[in-house]
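Residue numbering for the sequence shown follows my numbering, starting at 304 and increasing by one per position.
The beta-carbon is built from N, C-alpha and C at its ideal position, and this holds for glycine as well.
From a predicted model like this one, the values you see are computed outputs, not experimental measurements.
Note sheet for the following structure.
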Amino acid sequence: MGQALRSGLPLREHEIVDFLLPELADEVLDVNMVQRMTDSGRRIGFVITVVVGNNDGYVGVGRLRGREVGPAIRKTIDHAKLNMIEVKRGCGSWECGCFTPHTLPFKVVGRSGSVELTLKPAPQGIGLALAGVVKSIVRLSGIKDAWGFARGHTKTTVNYAFAAADALRQTMEYKVTPEQAARLHILSGPVAAFEINLAELKAQAAATAAAAALPKAEGKSEAEATVEGEGSPADASKPSEKEGGKAE
Ligand SMILES: [Zn+2]
304 MGQALRSGLP
314 LREHEIVDFL
324 LPELADEVLD
334 VNMVQRMTDS
344 GRRIGFVITV
354 VVGNNDGYVG
364 VGRLRGREVG
374 PAIRKTIDHA
384 KLNMIEVKRG
394 CGSWECGCFT
404 PHTLPFKVVG
414 RSGSVELTLK
424 PAPQGIGLAL
434 AGVVKSIVRL
444 SGIKDAWGFA
454 RGHTKTTVNY
464 AFAAADALRQ
474 TMEYKVTPEQ
484 AARLHILSGP
494 VAAFEINLAE
504 LKAQAAATAA
514 AAALPKAEGK
524 SEAEATVEGE
534 GSPADASKPS
544 EKEGGKAE
């Protein structure tokens, strides 16, 4: 699923999402009755807003119009699957430091219409200090703790919902280095994939740290190298690499 989203190609068929994410849950956020005058009289329709999510890193919001509520809801759910977002999670709260992916990795701001919604990392146990549809969307994304602040016409449920989706999309678009990901335990997508990635990320971060620490730790060999290689830093790094190889 992550690869499908990162490819940048739009998801064209909801069946692909059903196959990749079989555990999807959905929730109807808003049913709005609309009336339209036509030549033959009054026509009633419904605008449906739904959220779908797997409670583990993937969430999508959709909105469609239909003539009957039931079929319109089903159509909108399938449509929401095409708007799937891969959410990044982490322990972004400095008050917490538990290093499990229970909240947002950093502060994000989403916008839709006049609504501006800020979602912030919260310590473990705070829960979702969010209102209404935003709470449903964030919960289905798998985030357990978060704080939120909204500005604008927050009574407009639909804008509120799309501002939440926009905020979560910001986590997807924000680039995180392997070092940051390992240090702050930032996870993109489902936890299971993260466990595997985390081992790789830790190894990468350790390798980077070891490479940076080597010249300092190898003070003696540097002195030896100075004798052999006449003191150029490029030469000094070579003997320490050899020693590192022997030690393993
Ligand atoms: Zn934490």
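Neighbourhood of residue i by C-beta distance below 8 Å, restricted to the same chain and skipping five residues each side
| i | result |
| --- | --- |
| Ile440 | Leu332, Val354, Gly356, Val362, Val364, Ala464, Ala467, Ala468, Leu471 |
| Glu398 | Pro426 |
| Glu371 | Phe349 |
| Val337 | Ile347, Gly348, Phe349, Val350, Arg368 |
| Gly344 | none |
Beta-carbon separation (whole angstroms), residue i vs residue j, contact threshold 8 Å
| i | j | result |
| --- | --- | --- |
| Val390 | Thr474 | 5 Å |
| Leu487 | Pro426 | The pair is not a contact, with the Cβ atoms about 14 Å apart (cut-off 8 Å). |
| Ile380 | Asp342 | With a Cβ gap of about 32 Å, Ile380 and Asp342 do not count as contacting. |
Residue i: CB within 7 Å of a non-hydrogen atom of ligand 2
| i | result |
| --- | --- |
| Thr406 | This structure lacks ligand 2; its bound ligands are ligand 1. |
Identity of the residues DSSP links to residue i by a beta bridge
| i | result |
| --- | --- |
| Glu324 | For clarity, residue 324 is Leu in the given sequence; the question names Glu instead. For Leu324, which the question treats as bridged, DSSP gives no partner whatsoever. |
| Asp333 | Thr352 |
| Ser491 | Lys391 |
| Trp450 | Lys423, Ala432 |
| Ile347 | Gln338 |
| Val418 | Ser415 |
| Thr406 | Gly393, Asp448 |
Same chain, Cβ closer than 7 Å to residue i, five either side skipped, listed in chain order
| i | result |
| --- | --- |
| Val461 | Asp333, Thr352, Arg366 |
| Arg442 | Leu431 |
| Cys401 | Cys394, Gln427 |
| Glu482 | Ala508, Thr511 |
| His382 | Gly365, Leu367 |
| Gly522 | At Gly522, the pLDDT of 45 sits below 50, so the modelled position is not reliable; the number obtained from the coordinates is stated separately. If we look at Gly522 and ignore the five residues flanking it on each side, it has no Cβ neighbours. |
Own chain, CB closer than 6 Å to residue i, minus 5 neighbours either side, in chain order
| i | result |
| --- | --- |
| Arg375 | Residue 375 is actually Ala in this sequence, not Arg. Closer than 6 Å at Cβ, skipping near neighbours: Phe349, Ile351, Gly369. |
| Gly492 | Gly305, Gly360, Glu389 |
| Ile429 | Asp448 |
| Pro424 | Gly395, Ser396, Thr406, Leu407 |
| Arg346 | Arg339 |
| His456 | Ser417 |
| Pro325 | none |
| Arg454 | Glu419 |
| Val479 | Ile489 |
Proximity below 8 Å, CB of residue i to CB of residue j
| i | j | result |
| --- | --- | --- |
| Thr378 | Val320 | Residue 378 is actually Lys in this sequence, not Thr. Not in contact: Lys378 and Val320 (Cβ atoms no closer than 8 Å). |
| Thr406 | Ser396 | yes |
| Leu490 | Met387 | no |
| Val436 | Gly451 | no |
| Lys298 | Thr421 | Outside the shown range of the chain (304 to 551) lies residue 298, about which nothing can therefore be said. |
| Leu323 | Ala307 | yes |
| Ala485 | Lys458 | no |
| Asn358 | Gly445 | yes |
Extent of the continuous beta strand (DSSP E) to which residue i belongs
| i | result |
| --- | --- |
| Arg368 | 361-369 |
| Arg472 | It is not in any beta strand (DSSP E) - Arg472 instead sits in the alpha helix (DSSP H) that spans 460-476. |
| Gly413 | 411-415 |
Span of the alpha helix (DSSP H) around residue i
| i | result |
| --- | --- |
| Arg377 | 372-384 |
| Gly305 | 305-309 |
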